[in-house]
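Contents: one structure, followed by commentary.
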Amino acid sequence: MMRALAFAYMAAVATFAAPGAADVGNAQELNLVIRNNKFEPEEIRVPAGKRVSIYVSNEDATPEEFDSTALKVEKVIPGKSKGLVRIGPLTPGRYEFIGEFHADTAKGVVIAE
Amino acid sequence: MLGALVIVFREAIEAGLIIGIVLAATRGVHDRGAWVALGIGLGVIGAGLIALFAEGISNAFEGSGQELLNASVLGAAVVMLMWHNAWMARHGREMAAEMASVGEAVTAGSRPMTALAVVVGLAVLREGAEVVLFLYGIVATGTSTSSLLIGGVLGLAAGAAFSALTYYGLLAIPSRYIFTVTTVLIALLAAGMAAQAVQFLDAAGMINVLGHRLWDSSDWLPQDGILGRMLRTLIGYTDRPTELQLIAYVATLVVMAALSWVAAPTRAARAAA
C-alpha cells in the first residue's frame, strides 16, 4: 500500500514537473534530460538549504553516470531510462556535475541561492 | 583508449588498495591466494550481473535501488571487517609470536578468510560494475574495440601495480607490528565505508537528517584527485563530509575498538572464569 502510494506520488511529480520547471527559481523537484551525451539544461537553480529531487531522464541508448563530488552524488542512469538524484541541503554557491562516462561533453552546474 | 584507461584505473585503484591490505593482513595464511582469487572472481561475476540488471536495480524501491544496493554492499563489508578485527584481537598476538618464532610459512589455522574474501569480492563488485557499464557504453557507440581493450587492460594493469605496491609496502613492516598496522588500516577502511554507506542512504531518501556539510577542503585536497582517491579508500577521506558521515565514521571506530576490547583473550578468559 505504502509502495503504491509512493509510486503514485512519484508518477504525479514526474507528470507535473515539466522540463521548464528548471527555470522557475524555487522548485524542489526538477527535471534534467541527457541527450547526445549532454545535459539539458546545463544550469539548474535550486533553493539553498533545502533538499531537492532531480529527475534525470537519459534519452540516449548508452548508460551515463551523474557524478558530482561537490553534490556528493554518484548515480548510474541506464540508457533509455530515468533516475532520481537527491541533493542538498546546499549552502549558496555553484556545484558542478558531470556525466562521468562522457566527461568531455556532459557537464552541468547546480546553482544554489 | 585514454578514456577507458583512466576510468578503469580509477576504479581499480580502490579495489587494488583493499586487495593489497587484505593480502598483507593475511600474511602467513597458506591458502589466502585462493581465497582472494575467489573473492575477485565472484566480484567480477557480480559486477557483470549488476551491470546487466542496472535498469531493474535502478528502478527498484521507487528509484532508490542503486543507492540501497550500494549502502548494503558497503554495510556488509563493514560487518565483515569488524568480524576480522575482533577475531584478530582474540588470536592475533599468538599468531604474531608463532610467526616470529617459526618463520613466515606458518599456516595460521582458521583465519576468517571467508570474511576478507567477501570484502574483496564486494570491493571488486562495486568498482567493477561501473567499469562494465562504461565500457558497454563505449562499445555501443561503436568506438574501436581494440583500442578500448588496450585502454582497459592498461588501466587494470596499473590498478594491479597499485595493489602490489600497497602489499609490498606493508610487507616492509616488521612482522611483529604487521598485524597491529593492518588492524588499524582495516578499522579506518571500515569507518570510511560506513561514512560512504550513510551518504547512500541519504541519497536514497532513507535518512533526512544531519545532511549539512561540515567543511570543504576540496581546494586543498580534492577527493577525486589521485591522492584524494587513495586517502578516500584508505582512511575514508571526504572533502565535503556531512554531519552524519562524521558520526558514522567515529561510531564505527568506537564500535570496532569496543569489539576488540571485548574479544581480547585476557578479558575473555576473565569473563569465562
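Residue numbers (the numbering used here), protein chains in the order written: chain A, 26 to 138; chain B, 25 to 297.
We put the beta carbon where it would ideally sit given N, CA and C, even for glycine.
Just so we're clear, the structure is a prediction, and the values are computed from it rather than from any experiment.
{"Item": "Whole-number beta carbon distance between L57/A and I79/A, since they are thought to touch under 8 Å", "Value": "5 Å"}
{"Item": "The segment 106-136 of chain A: positions lying closer than 9 Å to chain B by Cβ", "Value": "S106, K107, G108, L109, V110, R111, I112, G113, P114, L115, T116, E125, F126, H127, A128 and D129"}
{"Item": "Rounded straight-line distance, which links the Cα of A128/A to that of V274/B", "Value": "34 Å"}
{"Item": "Anticipated Cβ contact below 8 Å, R76/A with I136/A, distance rounded", "Value": "With a Cβ gap of about 16 Å, R76/A and I136/A do not count as contacting."}
{"Item": "Runs of beta strand (DSSP E) lying entirely within the segment 67-128 of chain A, each at least 3 residues, in chain order", "Value": "68-71, 77-83, 89-93, 98-102, 106-112 and 118-124"}
{"Item": "Separation of G124/A from T138/B, as counted between CA atoms", "Value": "36 Å"}
{"Item": "Own chain residues within Cβ distance below 6 Å of E65/A, not counting five before or after", "Value": "V58"}
{"Item": "Nonlocal neighbours in the same chain, by C-beta distance under 6 Å from N51/A, ignoring five residues either side", "Value": "Here N51/A scores only 46 on pLDDT, less than 50, and its place in the model should not be relied on; the value that follows carries that caveat. Contacts found: P72."}
{"Item": "Reduced DSSP category for T190/B - H, G, I as helix; E, B as strand; rest coil", "Value": "helix"}
{"Item": "Within chain B, the residues that R76/A reaches when beta carbons sit closer than 9 Å", "Value": "G229, N232 and G235"}
{"Item": "Contact set for Y11/B: own chain, Cβ-Cβ below 7 Å, skip 5 residues either direction", "Value": "For chain B, the structure presents residues 25 to 297; residue 11/B sits outside this window and is missing."}
{"Item": "For V286/B and R114/B, the rounded distance between their alpha carbons", "Value": "9 Å"}
{"Item": "Spatial neighbours of A95/A in its chain, beta-carbon cut-off 7 Å, leaving aside the 5 residues before and after", "Value": "Y120 and E121"}
{"Item": "Residue burial classification, W244/B (beta-carbon count within 10 angstroms, cutoff 16)", "Value": "exposed"}
{"Item": "Cβ of E54/A within 9 Å of any chain B Cβ", "Value": "no"}
{"Item": "Buried or exposed by the 16-neighbour rule on C-beta atoms within 10 Å, applied to M280/B", "Value": "buried"}
{"Item": "Close-in-space but distant-in-sequence residues of the same chain around A39/B (CB under 6 Å, 5 per side omitted)", "Value": "A147, V148 and E151"}
{"Item": "CB contact flag (L283/B, M106/B, <9 Å)", "Value": "yes"}
{"Item": "Environment of V110/A [buried if 16+ CB atoms lie within 10 Å]", "Value": "buried"}
{"Item": "Residue nearest to I231/B in terms of C-alpha spacing, selected from L209/B, Q269/B and Q247/B", "Value": "Q269/B"}
{"Item": "Chain A contact residues for F158/B, given Cβ-Cβ distances below 7 Å", "Value": "F126"}
{"Item": "Beta-bridge partners of V97/B, as assigned by DSSP", "Value": "According to DSSP, which records beta bridges pairwise, V97/B is partnered with nothing at all."}
{"Item": "Residues near A37/A by beta carbon distance below 6 Å, same chain, minus five either side", "Value": "Low local confidence applies: a pLDDT of 48 at A37/A is under 50, so the model's placement there is unreliable, and no value is given."}
{"Item": "Rounded Cβ spacing between A28/B and I162/B (contact assumed at less than 8 Å)", "Value": "7 Å"}
{"Item": "C-beta contact flag for K97/A and R253/B at 9 Å", "Value": "no"}
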